[in-house]
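Protein chains in written order, with my numbering: chain G, 1 to 339; chain C, 340 to 717.
Glycine included, every Cβ here is placed at the ideal spot set by N, Cα and C.
This structure is a prediction, so every number in the text was calculated from the model and none was measured.
What follows is a single structure, written as structure tokens, with notes after it.
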Amino acid sequence: MNFDFTDDQHAIKRTAKEFLAARYKPERLRELAEAGEYDDAVWAEMAELGWAGIFIDEQHGGQGLGIVELVILMEELGYALAPSPFFANAAAGLVLQGAGTDEQKQRWLPGIASGEGTGTVGVLRDGGAPLVPDADTAAVLVLLDENGGGTVVTGADAEIEPRATIDSTRRFSSVRATGGEPLGSDTEGARAAICTALAAELTGVAQRAMEMAVEYAKDRKQFDRPIGAYQAVSHRCAQMLLEVEGARSTTYYAGWAADNEPESLPLAASMAKAYASDAGWRVTASSLQVHGGIGFTWEHDLHFFLKRAKTDGHLFGGAREHRDRVAGLALRSGAAVGA
Amino acid sequence: MDLTLSPKEQAFRDELRAWMEANHPGEEPEGDEAAFEFRTAWQRKCHEDGWAGISWPKEFGGRGATLIEQAIFNEETVRAKAPAQANVLALAMGGPTVITHGSEEQKQRFLDPILSADEIWCQGFSEPDSGSDLASLKTRAVKSNGGWKVTGQKVWTTFAHHAKWCMLVARTDQDAPKHQGLTYFLMDMEQEAVQVRPLVQITGEAEFNELFIEEAEIPDENVVGGVGNGWGVAITTLMHERATLAFGLQVQVKIALAELVQLVRDEGLDDDPVIRQRIGQLVTEAEVLRLNAYRGLTQIMKTGVPGPEGSLGKWHWSDVNQSLTETAMEVRGPEAPVVDGEWTYRFLRARANSIEGGTTEILKNIVAERVLGLPKLR
Ligand SMILES: Cc1cc2nc3c(=O)[nH]c(=O)nc-3n(C[C@H](O)[C@H](O)[C@H](O)COP(=O)(O)OP(=O)(O)OC[C@H]3O[C@@H](n4cnc5c(N)ncnc54)[C@H](O)[C@@H]3O)c2cc1C
């Protein structure tokens with residue numbers, strides 16, 4: 001029993017943290033977020049580092065590592081709030097690798113792994129997918145239906161309408177398919193892995209928002225004392241830590257399950273997504289409260305984090321939906337699973 | 340990351356499971372006295388077969404097991420619904436405190452009877468006017484020939500009515516700053532000068548007591564860790580309290596949750612959307628408790644010091660256990676207040692969770708100050 005990363009995984013985390021901190025300094029992040037743009041040069045560097053294909057099999061041009069490594073990157077991307085097609089592309093890789101036919105894998109995975117032909121995934125609702133990340137630039141789109149199936153489409157087979165969301169650090173569109181071909185097999189595992197990746201991003205976002213709150217609470221003085229000395233503030237910060245660590249634990253566990261114990265993944269991933277969706281919102285909102293008026297201004301960076309957290313919380317099933325799924329699994333098996 | 344047990348841990352668990360199965364003493368009898376005797380007999384049996392003091396060093400009669408193995412032991416005990424060992428406070432806190440701060444003579448004198456449950460211990464820290472602010476305590480010890488005379492009052496003392504020894508913190512220097520004037524004693528409970536009065540709890544039972552102490556005698560050799568060092572020694576006791584608590588507790592929560600899920604099905608509320616949201620939340624929170632506890636253990640094994648996960652555990656557990664028992668009451672609906680010896684008892688008992696072993700507010704202070712580095716309000 002050992003919950004620690006391997007040396008290689010620690011190295012991936014360290015490199016990612018340093019790389020992202022250097023590329024997405026606050027001024028640069030703001031510039032991109034306000035313009036609703038990504039930085040193509042940085043995306044090319046990420047692809048160069050092998051990130052885009054981190055979990056994709058070597059035979060399809062990837063690094064052949066696992067979901068734990070993807071989780072590590074996603075957490076750091078969330079911490080940096082990187083505006084980037086990384087997530088959408090990884091989601092497409094997860095679905096195609098997990099549920100694509102051999103032909104679909106051969107056709108699409110190499111481009112996804114090299115970052116040269118990115119992909120994305122949307123969830124269908126009443127025939128269309130209302131909110132698909134990075135659909136406008138994707139070479140391949142996968143639309144998941146309610147029955148665990150999915151359709152692979154290209155831009156030529158789809159109507160893609162850009163949509164503004166509160167999260168200006170990620171680009172979204174609505175997508176309606178006019179053609180396409182079905183996936184080869186069930187998407188449950190891939191969907192769970194996508195949820196795990198999002199939970200990791202939420203963990204990183206929440207970690208950063210908590211750090212901002214703690215720093216501010218140490219510096220800001222009112223009534224002659226740092227505000228962090230007041231329990232209404234310090235207990236709020238302690239609560240943030242509880243929720244950030246909880247999100248991290250469930251996410252790491254789901255990542256581990258994806259790689260080592262796939263039968264535990266659906267439950268683990270839904271727990272992670274439910275918990276991290278709540279934690280992401282609550283911690284960022286709580287951080288805003290600690291910041292007072294300055295936290296409500298456009299000028300302060302916090303709102304970008306809060307908006308990403310809220311948006312991630314609603315992607316691929318919100319907390320309510322995943323909690324219900326967890327309850328369903330527990331009620332079906334007749335036991336609190338894992339006891 | 341490897342979240343499976345290593346072959347050695349697996350072997351430990353298998354051996355323990357087999358032993359538990361062969362030796363399980365059955366259902367605990369009702370009534371405080373009978374239950375306590377039952378737990379004492381159980382601890383004796385555990386001790387004979389080498390299952391008392393799991394993580395104590397071998398030289399002091401323990402098993403010398405790793406922290407993970409200790410966690411496995413706690414888990415398996417709960418899973419098998421085996422009784423608690425009678426001398427819980429001494430096994431988890433008193434013994435480790437003597438091992439860390441005690442003299443060679445104290446180790447010889449006190450450790451063995453703890454393991455065999457021949458001498459039961461209680462913890463005399465809290466006083467009527469000193470709870471969270473423990474260092475403000477007033478029970479005083481005055482130097483006398485070859486020892487000390489102690490006078491004062493203690494409260495909420497669990498198991499005092501069964502105990503031979505009390506871990507007692509008393510003030511030995513009235514003039515020193517409040518944290519520096521304290522000394523840690525082992526007080527013999529079997530003397531006229533110590534009166535124990537049971538306190539009936541909200542559940543109707545009496546697991547804790549008041550202690551009235553009037554010139555009780557404690558010889559010099561029962562000072563632990565030196566005169567005036569009582570605060571530091573007491574902290575060791577409290578650290579052990581919180582560190583070891585987490586483990587059995589998270590499994591208890593999982594088992595209670597399985598029972599709650601069954602209750603939901605029995606009541607036909609499987610499809611009730613509100614109850615489903617509660618269940619989904621509780622299953623997730625219980626898993627967070629378990630995973631945080633394991634991440635904390637990994638941290639301790641790696642660095643020798645508990646990480647932030649450890650400090651959060653006790654507080655989080657009390658939140659989860661309280662909302663679990665509240666949900667059970669909700670599921671039972673109009674029948675909920677009926678005394679059933681099961682859920683109503685747990686529901687009431689859970690109110691202590693956020694008070695005993697340090698209140699939630701105090702634990703949040705600790706997290707804020709020691710983990711996040713926020714300033715103290717002084
Ligand atoms: C079931 C049970 C068993 C126990 N067993 C033992 C035992 O065996 N031995 C022993 O010595 N003690 C024992 N205790 C005592 C326990 O440790 C104390 O009750 C606890 O530390 C709180 O102290 P208090 O009751 O005096 O409450 P107080 O300290 O008076 O607290 C009252 C309220 O004020 C809050 N508060 C106090 N200070 C602060 C602060 N600085 N900031 C914010 N809020 C604050 C508290 O959180 C609480 O909500 C037991 C208690 C219970 C319930």
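Return helix, strand or coil for Tyr253(G), following the three-state DSSP convention.
The residue labelled residue 253(G) in the question sits at position 253 within the first sequence. DSSP places Tyr253(G) in helix when its eight states are reduced to three.
Which residues in chain C sit within 7 Å of His235(G), going by Cβ to Cβ distance?
Along the first sequence, read from residue 1 onward, the residue named residue 235(G) stands at position 235. Within 7 Å Cβ-Cβ: Lys703, Ala707.
Return the Cβ separation of Phe316(G) and Val123(G) in integer angstroms, given the expectation that the two are a contact with Cβ distance under 8 Å.
Reading the first sequence from its first residue, position 316 is the one you call residue 316(G). Reading the first sequence from its first residue, position 123 is the one you call residue 123(G). Right, the Cβ-Cβ distance comes to about 6 Å (below 8 Å), so this counts as a contact.
Kindly indicate which three-state DSSP category Thr698(C) falls into: helix, strand or coil?
The residue labelled residue 698(C) in the question sits at position 359 within the second sequence. Reduced to three states, the DSSP call for Thr698(C) is coil.
Opening and closing residue of the alpha helix (DSSP H) in which Asp312(G) lies
Counting from one through the first sequence, the residue named residue 312(G) turns up at place 312. Element bounds for Asp312(G): 302-314.
Go ahead and pull the three-state DSSP assignment for Gln207(G).
Mapped onto the first sequence, residue 207(G) falls at position 207. Reduced to three states, the DSSP call for Gln207(G) is helix.
When Arg320(G), Ala213(G), Val132(G) are compared against Ala274(G), the one with the closest alpha-carbon
Along the first sequence, read from residue 1 onward, the residue named residue 274(G) stands at position 274. Ranking the options by Cα distance to Ala274(G), first place goes to Arg320(G).
Give a yes or no on whether 7 Å exceeds the smallest Cβ distance from Met359(C) to chain G.
Translated into the one-based positions of the second sequence, residue 359(C) becomes position 20. Chain G contact via Cβ: absent.
Rounded C-beta distance between Val95(G) and Val132(G)? I'm assuming under 8 Å.
Within the first sequence, residue 95(G) is the residue found at index 95, counting from 1. Within the first sequence, residue 132(G) is the residue found at index 132, counting from 1. Not quite, the Cβ-Cβ distance comes to about 13 Å (not below 8 Å), so this is no contact.
Please list, in chain order, the chain C residues whose beta carbon lies closer than 9 Å to that of Val71(G).
Start at 1 with the first residue of the first sequence, and residue 71(G) comes out as number 71. Neighbours of Val71(G) on chain C: none; closest Cβ ~10 Å, over 9 Å.
Where the beta strand (DSSP E) containing Gln445(C) begins and where it ends
Locating residue 445(C) in the second sequence gives position 106, counting from the first residue. Per DSSP, Gln445(C) belongs to no beta strand (DSSP E); it is in the alpha helix (DSSP H), 443-454.
For chain G, check one thing: does any of its Cβ atoms lie closer than 7 Å to the Cβ of Arg671(C)?
As a working note, residue 671(C) is residue 332 in the second sequence. Chain G contact via Cβ: absent.
Within a Cβ cutoff of 7 Å, which residues of the same chain sit near Ala129(G), ignoring the five residues on either side of it in sequence?
Position 129 of the first sequence, counting from 1, holds the residue named residue 129(G). If we look at Ala129(G) and ignore the five residues flanking it on each side, its Cβ neighbours are Gly122, Val123, Leu143, Ser174, Val175.
Could you name the residues that DSSP lists as bridge partners for Ala360(G)?
Since the displayed chain G opens at 1 and closes at 339, residue 360(G) lies outside it and no answer follows.
So the alpha helix (DSSP H) Pro266(G) belongs to, where does it begin and stop?
Looking up residue 266(G) in the first sequence gives position 266. 265-291 is the extent of the alpha helix (DSSP H) around Pro266(G).
Beta-carbon proximity list for Asn298(C), same chain, < 8 Å, skipping 5 on both sides
Absent from the model: residue 298(C). The displayed extent of chain C is 340 to 717, so no value can be given.
Among Leu73(G), Asn2(G), Glu18(G), Glu245(G), which one has its Cα closest to the Cα of Thr405(C)?
For the purposes of this step, residue 405(C) is taken as residue 66 along the second sequence, with counting starting at 1. Out of Leu73(G), Asn2(G), Glu18(G), Glu245(G), Asn2(G) has the C-alpha closest to the C-alpha of Thr405(C).
Name, please, each residue of chain G whose Cβ falls closer than 8 Å to the Cβ of Gln616(C).
To locate residue 616(C), count along the second sequence from 1; it is residue 277. In chain order: Arg320, Arg323, Asp324, Ala327.
Tell me whether the beta-carbon of Thr118(G) lies closer than 7 Å to the beta-carbon of Ala209(G).
Here residue 118(G) refers to the residue found at position 118 when the first sequence is read from its first residue. Here residue 209(G) refers to the residue found at position 209 when the first sequence is read from its first residue. In this structure, Ala209(G) does not lie closer than 7 Å to Thr118(G) by Cβ.
Gln462(C) beta carbon near ligand 1 (any heavy atom closer than 6 Å):
Residue mapping note: residue 462(C) aligns to position 123 of the second sequence, counting from 1. Result yes, Cβ under 6 Å from ligand 1.
The alpha helix (DSSP H) that contains Arg320(G), what's its start and end?
Your numbering for residue 320(G) matches position 320 in the first sequence. 319-333 is the span of the alpha helix (DSSP H), which, as asked, contains Arg320(G).
Less than 8 Å between C-beta atoms, sequence neighbours within five positions excluded: which residues of the same chain meet that for Arg479(C)?
To locate residue 479(C), count along the second sequence from 1; it is residue 140. These residues qualify, in order along the chain: Val489, Thr490, Gly491, Ala509, Arg510, Thr511, Gln513.
First and last residue of the beta strand (DSSP E) that includes Pro133(G)?
Along the first sequence, read from residue 1 onward, the residue named residue 133(G) stands at position 133. Note, Pro133(G): beta strand (DSSP E), 129-133.
Should Thr699(C) be flagged as near chain G, meaning a C-beta pair shorter than 7 Å?
By one-based count along the second sequence, residue 699(C) stands at place 360. Not an interface residue.
Enumerated in chain order, which unbroken segments of the alpha helix (DSSP H) with a length of 4 residues or greater are wholly contained in the region 72-135 of chain G?
86-99, 102-114
Say yes only if the C-beta of Thr496(C) is nearer than 6 Å to one or more non-hydrogen atoms of ligand 1, and no if none qualify.
Taking the second sequence and counting its residues from 1, one reaches residue 496(C) at position 157. Yes; taking the cut-off as 6 Å, the Cβ of Thr496(C) has a heavy atom of ligand 1 nearer than that.
CB contact below 7 Å: Gln661(C) versus chain B:
The question asks about chain B, but that chain is absent: this structure's protein chains are G and C.
Taking just the CA atoms, how far does Pro612(C) sit from Ala675(C)?
Stepping through the second sequence from its first residue, residue 675(C) is reached at position 336. Stepping through the second sequence from its first residue, residue 612(C) is reached at position 273. Cα to Cα, Ala675(C) sits roughly 20 Å from Pro612(C).
Which of the three DSSP states is assigned to Leu143(G) in this structure?
Your numbering for residue 143(G) matches position 143 in the first sequence. In the structure shown, Leu143(G) sits in a strand (DSSP, three-state: E or B).
Taking the alpha carbon of Tyr684(C) as the point to measure from, which residue in Glu665(C), Glu695(C), Asp610(C) has its own alpha carbon closest?
Position 345 of the second sequence, counting from 1, holds the residue named residue 684(C). Tyr684(C) has its Cα closest to that of Glu665(C), out of Glu665(C), Glu695(C), Asp610(C).
Short CB-CB distance (under 7 Å) between Tyr633(C) and chain G:
Residue 633(C) sits at position 294 when you count from the first residue of the second sequence. For Tyr633(C), the answer is yes, since a Cβ of chain G falls inside 7 Å of its Cβ.
Best match in Ala421(C), Thr522(C), Arg448(C) for proximity to Gly463(C) [C-alpha to C-alpha]
Translated into the one-based positions of the second sequence, residue 463(C) becomes position 124. If we check each option's Cα against that of Gly463(C), Thr522(C) comes out closest.
Under 7 Å between C-beta atoms, does Ser185(G) make it to chain C?
Locating residue 185(G) in the first sequence gives position 185, where the first residue counts as 1. Taking Cβ atoms only, chain C never reaches closer than 7 Å to Ser185(G), which makes this a no.
Please find out if some non-hydrogen atom of ligand 1 comes closer than 6 Å to the beta-carbon of Ala691(C).
As a working mapping, residue 691(C) is identified with position 352 in the second sequence. Yes, Cβ of Ala691(C) sits closer than 6 Å to a heavy atom of ligand 1.
For a test of the three-state rule: what should DSSP assign to Thr416(C), helix, strand or coil?
By 1-based counting over the second sequence, the position of residue 416(C) is 77. Note: Thr416(C) maps to helix in three-state DSSP.
In angstroms, rounded to a whole number, what distance separates the CA positions of Asp136(G) and Phe172(G)?
Here the question's residue 136(G) lines up with position 136 in the first sequence. Here the question's residue 172(G) lines up with position 172 in the first sequence. The alpha-carbon atoms of Asp136(G) and Phe172(G) are separated by roughly 8 Å.
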